[in-house]
Amino acid sequence: MTPSPIDRPPEAAREDLHDLMNRLRRQGKPFALATVVRTISVTAAKAGAKAVISPEGEIAGGWIGGGCARGATLKAARQSLEDGQTRLISIQPEDLLKDHGVFPGEEREGIRFAKNMCPSQGTMDIFIEPVLPRPALVILGSSPVAVALADLGPRVGFDIAVCAPADEQAAFAEANERIEGYALPVEAAGERYLVVSTQGKGDLIALKAAIGVDARHIAFVGSRRKAESLRQKLLAEGVAEEKLNRIKAPAGLDLGAITPEEIALSILAEILRVRRKDQRGEGLGTTPSSENGDEHS
């Protein structure tokens, strides 16, 4: 059976998807990549067909077939972008689903089943892969710990945003983004983790900036005594206690760290702990406190 005109890929679908995906990555925009991995009988798309799908559930480019596959694929893509997990869906005619003893929408052994409503009655297996922006490590300040964080962060998958006065930016060799001062954008495209490492230079301004934006984790590099002193000053200025409770101080896991590089490592370890537990849907529970940063207060 020849696919009907409505089920044929438009010319735009034949364009190179690599350019589209690279552009979305540069812009920090999430998307899902759907790939047809297997077909049986007559289907509009064949194995190897791909499509880029937006978080809104729209096909931004590529081709995965007509309406027979689109609904189930777009739904799975939206879910993948929400939870960051890959999915494998198998779109089959109703009689085959009955033969397998599964219902549309049921999941078995990692495969989500859907019913093919089209007359062609073919089978398509489609793999959905979410492509999310790299998490951002936003470093406020230019202390030795801040510089060490900027060096170590990319090695564990973080994009680096440096926030510091213009005359302190030279301390950082490389950064994906540089912000003069501490004027952070309120929202971010992806996950964002903030570390205030100002070492006495603009502590209050940096902390106010940090608690005023969306972030998965906010940490302050400094001793407990220093953190509590700053907390009391901010409370006296009228800053809400619930906002201040977002700050983890001292920053980092208790690894007995001493040098700036060791302290930076302990901070990244804590951030990774938070990130992975969030991804697994686990509660964080009680995080061991650390005295890291006592020598950088």
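Residue numbers (the working numbering): 856 to 1152. Quick reminder that beta carbons are idealized off the backbone N, C-alpha and C, glycines included.
Using a 10 angstroms sphere on the CB of Thr1114, the tally of other CB atoms stays under 16, which defines it as exposed.
Taking 8 Å as the cut-off, the Cβ atoms of Ile966 and Val891 do not count as close.
For Cys1018, the uninterrupted beta strand (DSSP E) run begins and ends at 1014 to 1019, by DSSP. DSSP places Gln947 inside the beta strand (DSSP E), whose first and last residues are 942 to 947. Contact between the stretch 1037 to 1044 and the stretch 985 to 995 is present: 3 or more CB-CB pairs across the two stretches fall below 8 Å.
With the rule of 3 Cβ pairs closer than 8 Å, the stretch 1097 to 1106 counts as touching the stretch 1071 to 1083. By the Cβ criterion, the stretch 907 to 924 is not in contact with the stretch 953 to 960, since fewer than three pairs of Cβ atoms, one from each stretch, lie closer than 8 Å.
Look at the stretch 924 to 974 and you find these whole runs of beta strand (DSSP E), each 3 residues long or longer: 942 to 947, 966 to 970. Residue Leu992 holds the alpha-carbon nearest to the alpha-carbon of Val1011 among Glu1035, Leu992, Glu1023.
A buried status is given to Leu929, since no fewer than 16 other beta-carbon atoms sit within 10 Å of its beta-carbon. For Lys1098, the enclosing alpha helix (DSSP H) covers residues 1096 to 1099. Excluding residues up to 5 positions away in sequence, Ala924, Ala927, Ala969, Asn971, Met979 lie with their Cβ nearer than 6 Å to the Cβ of Ile946 in the same chain.
When DSSP states are grouped into helix, strand and coil, Leu1108 belongs to the coil group.
DSSP places Ile1113 outside both helix and strand once states are collapsed to three, so it counts as coil. For Arg1010, no alpha helix (DSSP H) segment is defined, and its DSSP state is neither H nor E. Annotation: Ile1034 to Gly1111 spans about 32 Å, alpha carbon to alpha carbon. DSSP places Asp980 in no alpha helix (DSSP H) but in the uninterrupted beta strand (DSSP E) bounded by 978 to 986. Excluding its 5 nearest sequence neighbours in each direction, Leu875 has C-beta neighbours in its own chain below 6 Å: Val907, Gly916, listed in chain order. Distances from the alpha-carbon of Arg1130 to those of Glu1117, Phe1013, Arg1080 put Phe1013 closest. Membership of Arg1080 in any beta strand (DSSP E) is not indicated; the residue belongs instead to the alpha helix (DSSP H) covering 1079 to 1091. In this structure, Glu964 is the residue among Asp954, Asp950, Glu964, Leu1062 with its C-alpha nearest to the C-alpha of Arg942. In terms of Cα proximity to Asp1006, the closest of Arg880, Glu1116, Lys884 is Glu1116. Following the DSSP letters along the chain, one finds Leu1039 in no beta strand (DSSP E), marked with neither H nor E. Residues of the same chain with a CB within less than 6 Å of the CB of Leu1039, apart from the 5 flanking positions on each side, are Ala1064, Val1068 in chain order. In the DSSP assignment, Ile1066 falls within the alpha helix (DSSP H) that extends over 1058 to 1066. The straight-line gap separating the alpha-carbon atoms of Asn1031 and Ile1015 is approximately 5 Å. Comparing C-alpha distances from Pro885 to each of Gly903, Ala1082, Glu937, His873 shows the shortest one belongs to Glu937.
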